[in-house]
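Numbering (UniProt numbering), first residue to last: 1 to 261. A short write-up of the structure that comes next.
What follows is the structure in structure tokens.
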């Protein structure tokens with residue numbers, strides 16, 4: 001209860017923390033609603049770049065959770081926000097899914113008609129990726145496009161265990177082109193931290209991040225002075241947490257066991 005009273009904002013990672021493959025973790029809806037009803041700022045954040053904020057907000061409404069899209073910070077949105085802020089007139093080629101394209105076009109960015117026309121290649125998770133998709137991304141880069149990735153996570157937790165994530169697609173493009181990724185906007189980057197904290201409107205010492213990944217969620221919290229809680233419903237086991245140099249403030253079986261609900 002002491003944690004609950006001291007915090008103004010709670011940041012929840014989504015994959016592996018709130019859901020697994022879009023099936024809510026037991027107790028997640030009740031935990032989120034309890035915190036919202038108590039007047040806490042509750043922000044969802046995710047390195048998932050496959051969906052738009054509108055899609056995710058709609059999903060939560062179907063689950064009985066009222067979570068406004070402005071309080072859901074996805075790496076697809078961060079990619080669009082970065083490019084709109086710094087390179088609003090430059091055409092973009094996408095190696096990713098429709099939700100990412102939706103965020104880019106909503107931000108007013110231009111999607112290139114051909115890979116060779118692009119000044120930026122944006123890479124995100126693409127669960128239906130084909131050789132043609134990879135080859136078009138390759139063509140964009142060898143013709144001069146810089147690379148922005150929504151994240152560099154190697155895996156994410158799915159219903160059937162760990163799944164290949166964006167890191168694998170980045171590896172294919174970097175290996176074939178000899179170019180390195182220029183910008184990564186997802187956790188644990190300062191791009192994610194700044195946008196999330198701007199939306200939360202709280203001080204780091206009064207903010208907790210709850211997530212399943214030591215190297216993205218807990219690492220971001222440690223880097224920027226947030227309180228941290230690791231849940232064991234996703235990427236990380238208790239044994240891995242025990243031997244890691246990255247130490248969360250709390251280790252919990254799941255979101256359901258948070259001590260301030």
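Even for Gly, the Cβ is constructed at its ideal location relative to N, Cα and C.
**Message:** Buried or exposed for residue 1, going by 16 or more other Cβ atoms inside 10 Å?
**Reply:** Legend: pLDDT at residue 1 = 47, less than 50; position of this residue unreliable, value from coordinates given subsequently. So residue 1 ends up on the exposed side.
**Request:** Return yes when the Cβ of residue 187 is within less than 9 Å of the Cβ of residue 229, no when it is not.
**Result:** no
**Asked** In terms of DSSP beta bridges, what is residue 44 paired with?
**Response** 12, 72
**Message:** Between which residues of its own chain and residue 184 is the CB-CB distance below 7 Å, once the five residues before and five after are set aside?
**Reply:** 149, 151, 152
**Request:** Have a look at residue 54 and residue 62 and give me their C-alpha separation to the nearest angstrom.
**Result:** 13 Å
**Message:** Would residue 217 and residue 225 be called neighbours here (beta carbons separated by less than 9 Å)?
**Reply:** no
**Asked** Are the C-beta of residue 247 and some C-beta of chain B separated by less than 9 Å?
**Response** Looking for chain B here will not work: only one protein chain is present.
**Request:** Specify whether the region 159-176 and the region 100-116 touch according to this definition: at least 3 beta carbon pairs, one from each stretch, less than 8 Å apart.
**Result:** no
**Message:** Here's a check: name, in chain order, each residue in its chain whose Cβ is nearer than 6 Å to the Cβ of residue 9, leaving out the five neighbours to either side.
**Reply:** 41, 200, 202, 207
**Message:** Suppose you measure from the CA of residue 105 to the CA of residue 50; what does that come to, to the nearest Å?
**Reply:** 14 Å
**Request:** Measure the alpha-carbon distance for residue 240 versus residue 221 and round it to whole angstroms.
**Result:** Distance between the alpha carbons of residue 240 and residue 221 is about 18 Å.
**Asked** Residues in its own chain within less than 7 Å of residue 33 by CB, not counting five upstream and five downstream?
**Response** Within the same chain, residue 33 has close Cβ partners 65.
**Rounded straight-line distance, which links the Cα of residue 204 to that of residue 234** = 25 Å
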